[in-house]
Amino acid sequence: MEKQGETTMSANEQARALMMRHQHLIKNRQQSMLGRAAAEVGLSVDGEDLNVNQSKANPSVRAS
28 MEKQGETTMS ANEQARALMM RHQHLIKNRQ QSMLGRAAAE VGLSVDGEDL NVNQSKANPS
88 VRAS
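Set out below in structure tokens:
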């Protein structure tokens with residue numbers, strides 16, 4: 028029984044939301060680890076330096 032204002036998500040929508048949350052948590056964990064490692068070696072890192080999208084290949088780099 029649904030309460031007023033609630034929406035039902037399909038299995039695909041639930042799976043997608045779960046995967047997006049999982050990827051977000053992974054990214055946050057990696058950024059935290061990178062920030063700590065940078066601090067250990069004396070580098071200062073701001074948020075922009077950590078905002079790297081690893082899923083897209085850099086078009087300027089070509090495989091040989």
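Position 34 (the sequence shown) corresponds to 61 in this note's numbering; numbering is contiguous. Backbone N, C-alpha and C fix where the C-beta goes; we use that ideal spot for every residue, glycine too.
Under the three-state DSSP convention, the category residue i falls into
i          : result
residue 33 : coil
residue 70 : coil
Member of the options whose CA lies at the smallest distance from the CA of residue i
i          : options    : result
residue 58 : 68, 37, 72 : 72
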